[in-house]
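I have placed the structure first, in the form of structure tokens, so that the comments after it can refer back to it.
Residue numbers (UniProt numbering): 1 to 491.
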């Protein structure tokens, strides 16, 4: 990340409840051992076949004529039987095609089903139908690794459209970034970039938006060999053809636990340590909450199940309130019982909270038992009845491969946690990832003024999952219904 001239570096005091942790030294004999799997080279051997020995015909001519006649009769009968079978097969096949409807193949997505229910930003549940059902003849992507981690981030661009960025991993373990300009549901071709992820890495992406240069900058984070925490940035404002650059976090020796998930919302990245403790990595923002090429790493007072999926949401629509401690919530899976849990870092002792700071919703969420390493995703939108409060949605995949939605229902005027299982989000792939969009906020956008988190609308409440091997995009309407709007055209 380029350092901005003239920005003041604000050095923060670490809160008593947070432990500063730099991570193990790569060269230390106590470094974490991570198994390395080499791909075996397979060599194909070609066998040489010689010519067969010549066979001499010593049969008398009489027997030869009789033999030829017999072979001719047998051959004729075989031809007649083949013709008869073809005719019968054509007739029966024609009848069968008229009596049955088109089938969904195993390679294609499952049928959309009937109306679904979900929670709207204003509360309540409603019906929805899939107006753009996925066609079963769409080929499976060749550049999408099976079970790949997915991540999505976006912002309201200067043209007024929701511009989205989806990140995934290829079968060759490379990373790809796809952009949707937000017009007619279109997606541009995937962009490749230099990255050094480990196979089956977890991916997270967020948006840094600050003044004119960061308009915006996509921050992509992942894990490399030996669980090294790494990042790559995409900025269209960079000079020349160098749009992708390594993030400043790469100069630090930060590590994650083995198989740790990642979740992010600028300036925070959530990960798991080797002992299961949750950790946040935070850009040490400078003057006016601008970016700074210095990072902090703090262990939180929460321990998750090994390999737990992670999700993060802002708790305020105002960036200056969200960027300090207590400004975000992290969702994870507990060790005891495998239930869903939430952590708001250092809420009780944080000294940076505004005087009138209060939570948007109750931390006492319902008891939800998740299957081991269940996929989680979450997003927040502004509450339309309050200036800085948010409504939050948490999605998780249950044992039957159905997506469930935990959301703050505001139909009674008070946020009440409610769970629904939308029909449109059922039957996802067993190894599907989950990703949801929370639009970027900023202390100083391209026009100079702050950008607040938006109220929920159909173009900014989007989630992504895999069904039938295809990445599908679902939206939540303002009236509470979920529907699948289409397939991300990953080649």
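Quick reminder that beta carbons are idealized off the backbone N, C-alpha and C, glycines included.
- [ ] Could you give the DSSP three-state label for residue 251: helix, strand or coil?
- [x] On the chain shown, residue 251 is found 251 positions in, with the first residue counted as 1. In this structure, DSSP gives residue 251 a helical state, which the three-state scheme calls helix.
TODO: Please list, in chain order, all residues of the same chain as residue 471 whose beta carbon is under 8 Å from its beta carbon, the five residues on each side excluded.
DONE: Position 471 of the chain shown holds residue 471. For residue 471, where only same-chain residues beyond five positions count, the Cβ hits under 8 Å are 141, 144, 150, 166, 168, 464, 465, 487, 488 and 490.
Open item on the list: Please report the distance separating the alpha-carbon of residue 430 from that of residue 446.
Closed with: Stepping through the chain shown from its first residue, residue 430 is reached at position 430. Stepping through the chain shown from its first residue, residue 446 is reached at position 446. Residue 430 and residue 446 have their C-alpha atoms spaced approximately 41 Å apart.
Task: Nearest candidate by alpha-carbon position, reference residue 193, set 173, 301, 392 and 315 - done: On the chain shown, residue 193 is found 193 positions in, with the first residue counted as 1. Scanning 173, 301, 392 and 315 for the CA closest to the CA of residue 193 turns up 173.
Task: For residue 432, the first and last residue of its enclosing beta strand (DSSP E) - done: Here residue 432 corresponds to residue number 432 of the chain shown, with the count starting at 1. Run containing residue 432: none; DSSP gives neither H nor E here.
TODO: Identify, in the order they occur along the chain, each residue of the same chain with its Cβ nearer than 7 Å to the Cβ of residue 267, setting aside the five sequence neighbours on each side.
DONE: Here residue 267 corresponds to residue number 267 of the chain shown, with the count starting at 1. Closer than 7 Å at the Cβ level, and outside the excluded window around residue 267, lie 282, 283, 285 and 323.
- [ ] Check whether the Cβ atoms of residue 332 and residue 375 sit closer than 9 Å, and answer yes or no.
- [x] Translated into the one-based positions of the chain shown, residue 332 becomes position 332. Translated into the one-based positions of the chain shown, residue 375 becomes position 375. Not in contact: residue 332 and residue 375 (Cβ atoms no closer than 9 Å).
- [ ] Note down the Cα distance separating residue 328 from residue 204, rounded to an integer number of angstroms.
- [x] Here residue 328 is taken as the residue at index 328 of the chain shown, counted from 1. Here residue 204 is taken as the residue at index 204 of the chain shown, counted from 1. Rounded to whole angstroms, residue 328 to residue 204 spans 16 Å at the Cα level.
Open item on the list: Please report the distance separating the alpha-carbon of residue 442 from that of residue 207.
Closed with: Position 442 of the chain shown, counted from the start, is the residue given in the question as residue 442. Position 207 of the chain shown, counted from the start, is the residue given in the question as residue 207. Cα to Cα, the separation comes out at about 9 Å.
Open item on the list: According to DSSP, residue 395 sits in a beta bridge with which residue or residues?
Closed with: Position 395 of the chain shown, counting from 1, holds the residue named residue 395. Residue pairing by DSSP places residue 395 opposite 377 and 405 in a beta bridge.
Open item on the list: Measuring straight from C-alpha to C-alpha, what distance separates residue 334 and residue 462?
Closed with: Translated into the one-based positions of the chain shown, residue 334 becomes position 334. Translated into the one-based positions of the chain shown, residue 462 becomes position 462. In a straight line, the C-alpha of residue 334 is about 26 Å away from that of residue 462.
Task: Bridge partner(s) assigned by DSSP for residue 268 - done: For the purposes of this step, residue 268 is identified with residue 268 of the chain shown, where counting begins at 1. Answer by DSSP bridge pairing, in chain order: 265 and 282.
Task: For residue 382, the residue or residues it bridges with in DSSP - done: In the chain shown, the residue the question calls residue 382 occupies position 382. According to DSSP, which records beta bridges pairwise, residue 382 is partnered with 390 and 455.
Task: Supposed close pair residue 249, residue 238 - CB separation, criterion 8 Å - done: In the chain shown, the residue the question calls residue 249 occupies position 249. In the chain shown, the residue the question calls residue 238 occupies position 238. The beta-carbon separation of residue 249 and residue 238, rounded to 18 Å, does not stay under the 8 Å limit for a contact.
Task: Which residues DSSP lists as bridging residue 192, in chain order - done: Taking the first residue of the chain shown as 1, we reach residue 192 at position 192. For residue 192, which the question treats as bridged, DSSP gives the partners 176.
Task: 8 Å CB neighbourhood of residue 339 in its chain, flanking five on each side removed - done: The residue you call residue 339 lines up with position 339 of the chain shown. Cβ within range, chain order: 333, 367, 368, 369 and 370.
TODO: Whole angstroms is fine: what's the gap from residue 481's alpha carbon to residue 422's?
DONE: Walking along the chain shown from the start, residue 481 turns up at place 481. Walking along the chain shown from the start, residue 422 turns up at place 422. Each residue's alpha carbon lies about 8 Å from the other.
Task: Whole-angstrom C-beta distance between residue 412 and residue 392, which should lie under 8 Å - done: Counting from one through the chain shown, the residue named residue 392 turns up at place 392. Counting from one through the chain shown, the residue named residue 412 turns up at place 412. About 17 Å separates the two Cβ atoms, so there is no contact after all.
Task: Limits of the beta strand (DSSP E) - the one that residue 483 falls within - done: Residue numbering aside, residue 483 sits at position 483 when the chain shown is read from its first letter. Here the beta strand (DSSP E) through residue 483 covers 482 to 487.
Open item on the list: Am I right that residue 198 and residue 223 are in contact with their C-beta atoms under 8 Å? What's the rounded C-beta distance?
Closed with: Locating residue 198 in the chain shown gives position 198, where the first residue counts as 1. Locating residue 223 in the chain shown gives position 223, where the first residue counts as 1. So it is a contact: roughly 6 Å between Cβ atoms.
TODO: Sort 240, 234 and 456 by Cα distance to residue 436 and report the nearest one.
DONE: Within the chain shown, the letter at position 436 stands for residue 436. With respect to the C-alpha of residue 436, the residue from 240, 234 and 456 having the closest C-alpha is 456.
TODO: Go ahead and label residue 225 buried or exposed: buried means 16 or more other beta carbons lie within 10 angstroms of its beta carbon, across all protein chains shown.
DONE: Here residue 225 refers to the residue found at position 225 when the chain shown is read from its first residue. Residue 225 should be labelled exposed.
TODO: To the nearest angstrom, report how far apart residue 301 and residue 377 are at their CA atoms.
DONE: Within the chain shown, residue 301 is the residue found at index 301, counting from 1. Within the chain shown, residue 377 is the residue found at index 377, counting from 1. Roughly 21 Å between the two C-alpha positions.
Task: C-beta contact flag for residue 265 and residue 312 at 9 Å - done: Locating residue 265 in the chain shown gives position 265, where the first residue counts as 1. Locating residue 312 in the chain shown gives position 312, where the first residue counts as 1. Yes, Cβ-Cβ distance for residue 265 and residue 312 is below 9 Å.
Open item on the list: Once the 5 residues before and after residue 320 are set aside, which same chain residues still bring their CB inside 7 Å of it?
Closed with: The residue labelled residue 320 in the question sits at position 320 within the chain shown. Excluding residues within five positions, the ones whose Cβ falls inside 7 Å are 289 and 443.
- [ ] Check residue 320 in the structure and name its three-state DSSP category.
- [x] Translated into the one-based positions of the chain shown, residue 320 becomes position 320. Judged by DSSP in its simplified three-state form, residue 320 adopts helix.
Task: Simplified DSSP state of residue 579, which is helix, strand or coil - done: What is shown of the chain runs 1 to 491, which leaves residue 579 out entirely.
Task: Segment limits, beta strand (DSSP E) that includes residue 440 - done: As a first step, residue 440 must be located in the chain shown, where it is residue number 440. Element bounds for residue 440: n/a, residue is neither H nor E.
Task: Residue range of the unbroken beta strand (DSSP E) whose run includes residue 169 - done: On the chain shown, residue 169 is found 169 positions in, with the first residue counted as 1. Following the DSSP letters along the chain, one finds residue 169 inside the beta strand (DSSP E) bounded by residues 162 to 169.
TODO: For residue 478, name the three-state secondary structure that DSSP assigns.
DONE: What you label residue 478 is simply residue 478 of the chain shown in a count that begins at 1. Coil at residue 478, not helix or strand.
TODO: My understanding is that residue 360 touches residue 315, with C-beta atoms under 8 Å, so please give their C-beta distance in whole angstroms.
DONE: In the chain shown, residue 360 corresponds to position 360, counting from 1. In the chain shown, residue 315 corresponds to position 315, counting from 1. Yes, they are in contact, since the Cβ atoms of residue 360 and residue 315 sit about 6 Å apart, within 8 Å.
- [ ] Enumerate in chain order the residues of its own chain whose CB-to-CB distance from residue 88 is below 7 Å, with the five nearest sequence positions on each side excluded.
- [x] Reading the chain shown from its first residue, position 88 is the one you call residue 88. Confidence is the limiting factor: at residue 88 the pLDDT is only 45, short of 50, which leaves the residue's position unreliable, though a coordinate-based value still follows. None.
- [ ] Give me whichever residues DSSP pairs with residue 231 in a beta bridge.
- [x] In the chain shown, the residue the question calls residue 231 occupies position 231. Looking at the DSSP assignment, residue 231 forms a beta bridge with 221.
- [ ] Count the other C-beta atoms from every protein chain shown that fall within 10 angstroms of the C-beta of residue 270, then say buried if there are 16 or more, exposed otherwise.
- [x] For the purposes of this step, residue 270 is identified with residue 270 of the chain shown, where counting begins at 1. Buried.
Task: CB contact check: residue 183 to chain C, cutoff 9 Å - done: Annotation note: the requested chain C is absent from the structure, which comprises a single protein chain.
Open item on the list: What does the Cβ neighbour count give for residue 386, buried or exposed, with the cut at 16 atoms within 10 Å?
Closed with: Translated into positions along the chain shown, residue 386 becomes position 386. Exposed, by the Cβ-count rule.
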